[in-house]
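As structure tokens, the structure follows; a few thoughts come after it.
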Amino acid sequence: MAALLLAACCPRPRGFEGINDDDRIFIARVRRVAAAHPRPEDVEAMVGYPALVNTTRTHSVEKLGTKGGISPDELAPSECVHLENDLHVVMWERPVHTRDPYVVGIQWPRSGPPTVFFGMLPTPE
Numbered sequence: 000m001a002a003l004l005l006a007a008c009c010p011r012p013r014g015f016e017g018i019n020d021d022d023r024i025f026i027a028r029v030r031r032v033a034a035a036h037p038r039p040e041d042v043e044a045m046v047g048y049p050a051l052v053n054t055t056r057t058h059s060v061e062k063l064g065t066k067g068g069i070s071p072d073e074l075a076p077s078e079c080v081h082l083e084n085d086l087h088v089v090m091w092e093r094p095v096h097t098r099d100p101y102v103v104g105i106q107w108p109r110s111g112p113p114t115v116f117f118g119m120l121p122t123p124e
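Just so we're aligned: the sequence shown equals residues 0 to 124 in numbering that gives the first Met the number 0.
Below you can see the structure in the form of structure tokens.
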């Protein structure tokens, strides 16, 4: 319900056709896993899907920040990635129909528990 209210008051992302049931289920799964405080190496198996990016094996957080960045998701502006403070980031493409890939992920800050973030990976024009 809150997502629907938020969607109604925020600008729509390019090509965004709406949050669907698969997206809600996937986000809930990622939130449950993050709440269990997993190790970054274990998180993909716990979520049940391979990640688009996992900084424990494919990118360092520093390189991730220099590759064009992750833009904030207009529908979840308070839950964004903080690459400058993170040790590891794991993210998955969300099952929504958009022109630009929308992601949900888990970030492990230098201090504190892992948290969920949302973002957008811009595609070239």
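Yeah, the Cβ is synthetic: ideal placement off N, Cα and C, and Gly gets one too.
The model shown is predicted, which means the values in this text are computed figures rather than measured ones.
Classification of residue i by the beta-carbon crowding that lies within 10 angstroms, buried from 16 upward
i, result
"Asn-53", "buried"
"Pro-39", "buried"
"Ala-27", "exposed"
"Gly-118", "buried"
"Pro-108", "exposed"
"Gly-111", "exposed"
"Gly-104", "buried"
"Asp-21", "exposed"
Those residues which DSSP pairs with residue i across a bridge
i, result
"Asp-92", "Checking the sequence, you will find Glu at residue 92 rather than Asp. Val-102."
"Asp-85", "Pro-108"
"Gly-47", "In the DSSP output, where bridge partners are listed per residue, Gly-47 has none listed."
"Phe-25", "Answer is none; Phe-25 lacks a bridge partner."
"Thr-114", "Gln-106"
"Val-52", "Met-90"
Where residue i falls: helix, strand or coil (DSSP)
i, result
"Val-80", "coil"
"Pro-71", "strand"
Spatial neighbours of residue i in its chain, beta-carbon cut-off 8 Å, leaving aside the 5 residues before and after
i, result
"Ala-35", "Met-45"
"Gly-14", "Residue confidence is low: Gly-14 scores 46 on pLDDT, short of 50, so the model does not pin down where it sits. No coordinate-derived value is stated."
"Thr-55", "Pro-39, Glu-40, His-87, Val-89"
"Arg-127", "A question about residue 127 goes unanswered here, because the residues of the chain that appear run from 0 up to 124."
Residues of its chain near residue i, where Cβ-Cβ distance is below 7 Å and the 5 sequence neighbours each way are ignored
i, result
"Leu-120", "Ile-69, Asp-99, Pro-100, Val-102"
"Tyr-48", "Trp-91"
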